[in-house]
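First up is the structure itself, then whatever we jot down about it.
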Amino acid sequence: MKKSRLISLLSSVALVSMLVIAIPSTAQAAAPACDGKSPINSCQGATSDTAPYVMQVPANFNGTLVLYSHGYRPDVPVPAGIPGYGGYTVTNTPQPGPLVGGSDTSVIKYLLSNGFAVAGSGFARQGWNADSAIATNAELIATFKTQFPKTTKVVAWGESLGGFITQGLAEKYPELVNAVAPLCLADNVGAELTAAGDFLWGVKTLFDPSIKGGNYSAGAAGYGEAMGDLVKFFTVLGKLKAGVSTGAWPDTASPTGKALEAAGVPSRSALLLLGLMAGLPTQSAHFDSISGPDGPLKVTFPLAISPALAILENGANAGGLAVLATLDLEKQAGGAVFDNTKTDYSARVANERVIFNAALSGNTVIDALLGALSAANPGAPRAAANAAAIAKMNALQANTGKINVPTITMVGVADPITPAGASMRIAQAYADQYAAEKEKAIKAFAKTRTYVPPMKKLISIWSTTPAAYTKFDSTGSPITTTAAAPGTNHCNFSAAQYLVVANELTTVGTTGSFIRGGAFSFMLRKAKNLKIDPFFTPPLMKFYNEQ
Amino acid sequence: MIGINRRRLLVASAVLATSGLAISTVPAQAFSPRSEVGVTAKTIKLGVTIPMTGAASPGYNKLPSAMKAYFDYVNANGGVKGRKITLVVKDDQYVPTLAVAKTNELILKDKVFALLAPLGTANVKAVAASVNPGRRGVPTLFVNTGYSGFANKKAYPTTFTLLPSYIVEAKIIAQYLKENFADKKIGLLYQDDDFGDDALAGFKEAGLNFAVKVPYASGSQGLSGVPATWIQKLSTGGAEVVVLFGVSSATGAALGTAAVMKYAPKWILGSVGGDATTIKALGVPAGVLYNATGASFVPATTDTTDEYIKLFQTINAKYNNNAVFDNNVLVGMNTAFLTVQAIAAAGANPTRKALIAAIEKKGASFASAALTPLMYSATSHVGYSGYWFGTYGPTGDLKPNGGTYSVYTTDSGTGAVVKSTYKRPAMPANGLPAN
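Taken in sequence, the protein lines are chains A and B. Under our numbering, think of the first position of the first sequence as 53, with each following residue one higher. Under our numbering, think of the first position of the second sequence as 5, with each following residue one higher.
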């Protein structure tokens with residue numbers, strides 16, 4: 053994962069002054085310092101929790117603030133040399149809008165050029181910070197309104213954890229926002245940690261038992277253990293990649309893994325099973341599970357090899373996050389927070405084992421793998437959480453999916469960190485909510501003889517993968533140096549896709565009505581790889597199987 | 005578990021927001037009459053995903069052209085209630101993720117009225133999970149897989165099976181073995197997935213024990229040296245009769261390798277793996293099938309005394325470039341023949357709902373080339389339920405043992421295997437169902 057993308061992984065927010073009702077009571081922060089320049093007046097400051105923020109207000113400010121929440125940033129530095137994450141330093145630099153590809157500010161510029169003000173906080177602390185970030189955002193909105201009294205509307209958006217924070221803001225303080233757009237929305241912490249943790253536990257259990265995988269020691273020792281885990285995790289992924297075609301296992305495999313290897317189980321099948329039981333997508337940045345090189349592997353590659361390679365790419369995201377988020381949440385909760393003592397991994401893959409049977413090498417191999425990973429196998433010890441820590445973690449912000457204000461979600465159908473199922477959970481919850489609202493309206497009609505249909509307040513946009521996108525070189529080897537395909541990777545949106553959301557968000561936020569019909573369809577088509585499909589139902593995160 | 009209200013979801017997730025305009029009456033639920041998706045005044049568009057290229061394509065890639073040939077024949081004779089049928093064919097290469105992508109295209113871009121005869125258990129299951137024709141109300145007619153799970157109307161509400169289930173087939177093969185090879189040591193080579201699981205369930209239900217069972221992972225039949233390990237195990241296990249419950253490419257690999265290794269048991273081929281066209285296309289001489297026993301639910305393709313065979317051969321000559329008339333062509337045309345009747349039964353202005361209702365209500369009485377009845381009803385989406393046994397000749401043609409079709413029938417549950425008393429109704433005049 054690119055560092056810049058990692059930084060936007062999960063995010064948080066801002067400040068509050070005191071004038072708004074139902075806003076947490078906090079110390080009064082100083083007014084922002086503005087440079088007063090034109091055409092953009094840039095302001096900086098900090099909310100009462102010390103979170104830095106930025107505001108940018110165009111000279112032709114139209115009265116609408118677009119508040120952004122950035123994604124997850126680890127709360128610890130990551131030493132150089134660690135794949136994907138190496139060289140990261142903890143930062144609370146505020147971010148007022150999405151950065152296309154990690155650095156392109158064109159979306160922010162577009163908003164400013166159209167008269168919208170933008171703002172964003174860097175948040176007081178990094179890591180899983182939704183509770184504090186929601187309060188920070190509430191304060192920031194109030195501060196902005198005080199500083200710019202012309203403000204009439206506020207819309208909010210954010211990505212990943214920032215999407216979760218945005219949804220949480222709308223659930224908790226609906227009076228503060230006119231519309232929201234949680235993008236590549238993270239699910240509740242338990243669901244996220246379960247997905248990432250299951251994969252990491254599987255890698256540890258089969259491929260390198262020296263990975264600690266959680267229950268880290270306190271302080272510097274725990275930090276060292278986690279960084280060591282990252283090194284081991286990415287090292288073993290490298291070995292798995294090398295063995296994909298031959299089926300060879302890493303030399304660090306556990307006794308359980310070595311027994312499977314001796315029984316003829318290909319490592320790629322084991323890897324794929326781990327990804328499926330964690331709920332990872334089987335399409336990734338460079339592997340579509342559709343294409344094969346010309347020649348004898350034309351069909352064998354997409355059928356038997358590509359899904360495992362997709363899990364390898366997606367698992368790098370998931371496992372890396374698992375280490376960093378586990379370290380973070382264990383510190384917050386005071387003990388181990390990943391628990392799979394009761395997880396039935398066989399049930400997890402009941403459907404997938406049929407669909408990916410060939411890549412999993414058949415039922416005999418699948419049953420051998422599931423047997424090896426079962427709680428009954430002492431060679432695959434399960435991870436037990438600390439009950440008090442779990443209780444504390446579960447007390448953190450949990451989004452119900454209640455839609456209080458017009459809401460737009462957008463997520464890649466093959467996002468490996470915040471799977472499409474997280475956005476689907478919101479859509480399903482809203483389906484029940486809307487049905488109840490409709491019933492209420494019908495009952496009201498019986499009394500008033502006037503039917504006021506409830507507004508449909510949720511639009512779910514899915515960023516889709518191209519029909520086929522794996523490329524091969526002249527030797528038939530897959531090419532992995534190209535940009536990630538649309539619909540894959542984490543929060544991997546084009547500028548055009550962001551603008552679809554920006555236009556819809558600001559329109560519904562200011563007018564109360566969505567852009568709809570042909571005009572909206574045209575926007576989707578123009579942006580490419582976007583769809584609205586009320587029948588598309590990506591599976592919920594596996595966490596919900598056990599609830 | 006989060007509460008999921010599927011019906012409500014359909015309503016609520018409709019695309020765009022409606023502003024809260026006050027109107028004086030509750031809007032009527034009835035919509036103004038309009039054409040169903042894929043249906044115009046002159047045409048009905050159907051779609052199929054099937055392996056047209058790749059290792060799994062030989063034999064199966066003849067199904068679409070056979071279906072098209074029959075549709076062309078019907079179209080040339082006025083169509084179905086004046087509408088001509090078109091069939092959009094997508095190549096899924098037998099790869100589940102590709103089947104999902106191609107089915108999405110059929111539904112969302114090509115806007116077909118119904119999906120027809122998709123092939124492969126994994127593919128159909130992947131499509132059901134990701135594309136969800138059931139929730140969309142898109143009929144999935146006459147799937148080309150005998151996986152018993154697809155008869156689960158609750159899980160697959162718009163899907164209709166056609167082939168007898170693999171459980172049915174295994175139970176019937178078990179009966180045949182008991183009647184003919186009770187004193188022999190029996191071996192089983194089976195595909196190690198849901199296909200094979202169904203077979204194992206059927207054999208278990210029938211109380212048949214095997215001296216040796218050899219599973220193979222789908223796709224491994226093409227790997228160098230793998231088929232030899234099968235034959236070694238079967239031979240070492242002393243199997244005198246071997247049941248092959250896999251795909252035809254595995255049959256070809258097994259029989260070809262056995263011939264080289266001088267292992268010559270009595271071979272009993274399941275219906276999926278007994279396609280001579282596929283075996284020949286893989287470079288295996290059809291002669292390796294000679295004297296093997298096979299099973300089928302349609303008449304022998306060489307049986308020109310059969311009125312369906314005669315008609316379909318004529319259509320094949322005129323509309324299908326006179327392709328080699330094998331079981332794939334026959335089954336393809338028969339599938340199209342059923343489809344035409346289903347559409348006609350759906351009324352003058354067919355809808356997807358009406359199509360499903362028509363098969364549930366009238367499907368059991370549809371004319372058909374098969375020698376076993378269709379089991380469709382309001383509670384059953386199960387197609388055929390029986391097989392007859394025959395012997396392969398030197399060119400790979402399957403002919404009924406004793407010269408007559410002796411059909412066995414049963415169900416996917418605990419029902420007994422019995423000799424069928426089914427009398428196939430006469431074919432409609434010229435093979436054109438009444439409109």
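Just so it is clear, CB atoms sit at the ideal spot from N, CA and C, and this is done for glycine as well.
Cβ-Cβ separation, Leu123 (chain B) to Ile54 (chain B) (assumed contact under 8 Å), whole Å: By one-based count along the second sequence, residue 54 (chain B) stands at place 50. By one-based count along the second sequence, residue 123 (chain B) stands at place 119. Ile54 (chain B) to Leu123 (chain B), Cβ: 5 Å. Contact.
C-alpha distance - Leu235 (chain A) paired with Ala474 (chain A), whole-angstrom precision: Translated into positions along the first sequence, residue 235 (chain A) becomes position 183. Translated into positions along the first sequence, residue 474 (chain A) becomes position 422. Whole-angstrom Cα-Cα distance: 11 Å.
Extent of the continuous alpha helix (DSSP H) to which Tyr194 (chain B) belongs: Here residue 194 (chain B) refers to the residue found at position 190 of the second sequence. Tyr194 (chain B) -> not in any alpha helix (DSSP H); beta strand (DSSP E) instead, spanning Ile190 to Gln195.
Under 8 Å between C-beta atoms of Pro318 (chain A) and Ser413 (chain A): Within the first sequence, numbered from 1, the residue matching residue 318 (chain A) stands at position 266. Within the first sequence, numbered from 1, the residue matching residue 413 (chain A) stands at position 361. Against a cut-off of 8 Å, the Cβ pair of Ser413 (chain A) and Pro318 (chain A) comes out as a contact.
Gly390 (chain B) versus Thr376 (chain B): straight-line alpha-carbon distance, rounded: To locate residue 390 (chain B), count along the second sequence from 1; it is residue 386. To locate residue 376 (chain B), count along the second sequence from 1; it is residue 372. If you take the alpha carbons of Gly390 (chain B) and Thr376 (chain B), they lie about 6 Å apart.
Alpha-carbon to alpha-carbon, Gly172 (chain A) and Val152 (chain A): For the purposes of this step, residue 152 (chain A) is taken as the residue at position 100 of the first sequence. For the purposes of this step, residue 172 (chain A) is taken as the residue at position 120 of the first sequence. Approximately 16 Å between the Cα atoms of the pair.
Per-residue DSSP class, three states only, for Val317 (chain A): Here residue 317 (chain A) is taken as the residue at index 265 of the first sequence, counted from 1. Coil at Val317 (chain A), not helix or strand.
Contact set between Ser341 (chain A) and chain B, taken where Cβ atoms lie within less than 7 Å: Stepping through the first sequence from its first residue, residue 341 (chain A) is reached at position 289. By Cβ distance, chain B contributes Thr101.
Near-chain A residues of the stretch 146-166 of chain B (beta-carbon distance less than 8 Å), N- to C-terminal order: none
C-alpha distance - Thr204 (chain A) paired with Ala187 (chain A), whole-angstrom precision: Within the first sequence, numbered from 1, the residue matching residue 204 (chain A) stands at position 152. Within the first sequence, numbered from 1, the residue matching residue 187 (chain A) stands at position 135. The alpha-carbon atoms of Thr204 (chain A) and Ala187 (chain A) are separated by roughly 21 Å.
Proximal chain B residues relative to Leu355 (chain A), where beta-carbon distance stays under 7 Å: Here residue 355 (chain A) refers to the residue found at position 303 of the first sequence. Correct list: Val99 and Gly223.
Beta-carbon gap between Ala410 (chain A) and Leu355 (chain A) smaller than 8 Å: Mapped onto the first sequence, residue 410 (chain A) falls at position 358. Mapped onto the first sequence, residue 355 (chain A) falls at position 303. Taking 8 Å as the Cβ cut-off, Ala410 (chain A) and Leu355 (chain A) qualify as a contacting pair.
Beta-carbon gap between Phe259 (chain A) and Leu292 (chain A) smaller than 8 Å: On the first sequence, residue 259 (chain A) is found 207 positions in, with the first residue counted as 1. On the first sequence, residue 292 (chain A) is found 240 positions in, with the first residue counted as 1. Yes, these two residues count as a Cβ contact at 8 Å.
Interface positions of the stretch 404-417 of chain A facing chain B (Cβ-Cβ less than 9 Å), listed along the chain: Glu404, Arg405, Val406, Ile407, Phe408, Asn409, Ala410, Ala411, Leu412, Ser413, Gly414, Asn415, Thr416 and Val417
Interface flag, Asp196 (chain B) vs chain A, CB-CB below 8 Å: The residue labelled residue 196 (chain B) in the question sits at position 192 within the second sequence. Closer than 8 Å to some Cβ of chain A, the Cβ of Asp196 (chain B) qualifies, so yes.
Min CB distance Pro3 (chain B) to chain A below 8 Å: Because chain B is modelled from 5 through 439, residue 3 (chain B) falls outside the range shown and cannot be assessed.
Continuous alpha helix (DSSP H) stretch holding Met462 (chain A): start and end: Counting from 1 along the first sequence, the entry for residue 462 (chain A) is found at position 410. No alpha helix (DSSP H) holds Met462 (chain A); the beta strand (DSSP E) holding it covers Thr459 to Gly464.
Within 8 Å, strictly: CB atoms of Ser212 (chain A) and His542 (chain A): Position 160 of the first sequence, counting from 1, holds the residue named residue 212 (chain A). Position 490 of the first sequence, counting from 1, holds the residue named residue 542 (chain A). Their beta carbons are under 8 Å apart, which means Ser212 (chain A) touches His542 (chain A) by this criterion.
Reduced DSSP secondary structure (H/G/I, E/B, other) of Gly473 (chain A): Locating residue 473 (chain A) in the first sequence gives position 421, where the first residue counts as 1. The answer is helix: DSSP assigns Gly473 (chain A) an H, G or I state.
CB-CB length for Asp239 (chain A) against Met593 (chain A), believed under 8 Å: To locate residue 239 (chain A), count along the first sequence from 1; it is residue 187. To locate residue 593 (chain A), count along the first sequence from 1; it is residue 541. Between Met593 (chain A) and Asp239 (chain A) the Cβ distance is about 5 Å, and since that is below 8 Å, they are a contact.
Environment of Phe574 (chain A) [buried if 16+ CB atoms lie within 10 Å]: As a position in the first sequence, residue 574 (chain A) is number 522, starting the count at 1. Its Cβ having fewer than 16 others within 10 Å, Phe574 (chain A) is exposed.
Buried or exposed by the 16-neighbour rule on C-beta atoms within 10 Å, applied to Glu382 (chain A): One-based indexing of the first sequence puts residue 382 (chain A) at position 330. Buried, since its Cβ has 16 or more Cβ neighbours within 10 Å.
Three-way DSSP call (helix, strand, coil) for Ala140 (chain B) in this model: Residue numbering aside, residue 140 (chain B) sits at position 136 when the second sequence is read from its first letter. According to the sequence displayed, residue 140 (chain B) carries Arg and not Ala. Of the three classes helix, strand and coil, the one that applies to Arg140 (chain B) here is helix, per DSSP.
C-beta atoms of Ser515 (chain A) and Val457 (chain A) nearer than 8 Å: The count along the first sequence starts at 1 and reaches residue 515 (chain A) at position 463. The count along the first sequence starts at 1 and reaches residue 457 (chain A) at position 405. No.
Local conformation of Ser77 (chain A) per DSSP, three classes: Start at 1 with the first residue of the first sequence, and residue 77 (chain A) comes out as number 25. Confidence in Ser77 (chain A) is poor, its pLDDT being 43 and thus under 50, which makes the residue's placement unreliable; the coordinate value appears in the next sentence. In the structure shown, Ser77 (chain A) sits in coil (DSSP, three-state: anything other than H, G, I, E or B).
Test: Ala474 (chain A) CB closer than 8 Å to a CB of chain B: Here residue 474 (chain A) is taken as the residue at index 422 of the first sequence, counted from 1. Taking Cβ atoms only, chain B never reaches closer than 8 Å to Ala474 (chain A), which makes this a no.
Cutoff 6 Å; reference Gly141 (chain B); Cβ partners in own chain excluding five residues on either side: Here the question's residue 141 (chain B) lines up with position 137 in the second sequence. Excluding residues within five positions, the ones whose Cβ falls inside 6 Å are Arg356.
Counted within 10 angstroms of its Cβ, other Cβ atoms place Glu223 (chain A) as buried (16 or more) or exposed: Here residue 223 (chain A) refers to the residue found at position 171 when the first sequence is read from its first residue. Buried, because 16 or more other Cβ atoms sit within 10 Å of the Cβ of Glu223 (chain A).
Delimiting residues of the alpha helix (DSSP H) encompassing Pro359 (chain A): As a first step, residue 359 (chain A) must be located in the first sequence, where it is residue number 307. Pro359 (chain A) -> alpha helix (DSSP H) spans Ser358 to Ala385.
For Ala268 (chain B), the nearest candidate out of B:Ala258, B:Tyr77 and B:Leu91 (CA to CA): As a working mapping, residue 268 (chain B) is identified with position 264 in the second sequence. Of the listed residues, the one whose Cα sits closest to Ala268 (chain B) is B:Ala258.
Test item: CB-CB of Pro530 (chain A) and Phe524 (chain A) under 8 Å: The residue you call residue 530 (chain A) lines up with position 478 of the first sequence. The residue you call residue 524 (chain A) lines up with position 472 of the first sequence. Cβ distance < 8 Å, so Pro530 (chain A) and Phe524 (chain A) count as in contact.
Closer than 7 Å at the beta carbon, the chain A residues around Asp201 (chain B): Your numbering for residue 201 (chain B) matches position 197 in the second sequence. Within 7 Å Cβ-Cβ: Asn415.
Candidates A:Thr99, A:Gly133, A:Trp209 and A:Pro110: closest to Glu191 (chain A) by CA position: Here the question's residue 191 (chain A) lines up with position 139 in the first sequence. Glu191 (chain A) has its Cα closest to that of A:Thr99, out of A:Thr99, A:Gly133, A:Trp209 and A:Pro110.
Ala571 (chain A) burial status per 10 Å Cβ neighbour count (16 or more: buried): Along the first sequence, one-based indexing puts residue 571 (chain A) at 519. Exposed: under 16 other Cβ atoms inside 10 Å.
Thr334 (chain A) at chain B interface by Cβ criterion, 8 Å: In the first sequence, residue 334 (chain A) corresponds to position 282, counting from 1. So yes, Thr334 (chain A) belongs to the interface.
Same chain, Cβ closer than 7 Å to Thr308 (chain A), five either side skipped, listed in chain order: Indexing the first sequence from 1 puts residue 308 (chain A) at position 256. Excluding residues within five positions, the ones whose Cβ falls inside 7 Å are Thr257, Leu258, Ala424, Asn429, Gly431 and Ala432.
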